[in-house]
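So the sequence shown is numbered by our numbering: it starts at 1231 and just counts up by one. Cβ coordinates follow ideal geometry from the N, Cα and C atoms, glycine included.
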Amino acid sequence: MFLIDANVFIEAKNKYYNMSFCPAFWDWLLRECAGHNIFSIQGIYQELINGNDELRTWSMDNRHFFLPMSDEDTQRNVAVVAAHVADKQHSVPMSVGAMEEFLRGADTWLIAKAMSTGATIVTHERLDLQCKRKFLIPNICNHFGVQYVDTFTLLQQLNASFILAA
């Protein structure tokens, strides 16, 4: 199972899989969701509906795509992730406000949900263990042994194919 980060939706909409010229990508996401292969979480949903565009509409029309975060395992794991981030904030040290910014967003919950379900996170962020300005999903995933990939690796792993009709 894969869990998608907000930046994947946003960049796809803004660039290479814009809904107006590549609706197949968005249809594919829903097909893979129906097959229980791809989801996101309610925290990402909340981020996506803050906009005023077609991604907001798509998200609202497809609430089933976004898994709840209220299960006990995810709740437990979010505390573990938060404790790790707090430890890193003080031991590294990270930029002022980095911990608060990370904990305020959905990334903590996305990682916790992946830990709870054994899912792979799909994100555009890249591993950078030297980064001190912000907490990166791949850095936290690396610490906890959570797998992560980018959009193109996801498409390859699930054998996506967008073929134009004749």
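In terms of Cβ geometry, Leu-1297 and Ile-1240 do not form a close pair [threshold 9 Å].
Assignment of beta-bridge partners to Thr-1347 by DSSP yields no partner. Residue burial annotation: Phe-1269 is buried, with at least 16 other C-beta atoms found within 10 angstroms of its C-beta.
Distance from the CA atom of Phe-1332 to the CA atom of Arg-1363, rounded to whole angstroms, is 11 Å. Using a Cβ-Cβ distance cut-off of 8 Å, the segment 1326-1341 and the segment 1262-1279 are in contact, since at least three pairs of beta carbons, one from each stretch, lie closer than that value. With a cutoff of 9 Å on beta-carbon distance, Tyr-1247 and Trp-1256 are scored as near each other. Each of Val-1322, Leu-1259, Asp-1380 and Asn-1237 was checked against the Cα of Ala-1390, and the nearest Cα belongs to Leu-1259.
Collapsing the DSSP output to three states places Ile-1274 in a helix. Residue pairing by DSSP puts Phe-1296 in a beta bridge opposite Ser-1270. Burial is judged here by how many other beta carbons sit within 10 angstroms of a residue's own beta carbon; Leu-1384 has at least 16 and is buried. Close CB contacts of Arg-1356 within its chain, under the 7 Å cut and outside five residues either way in sequence, are with Pro-1368 (chain order).
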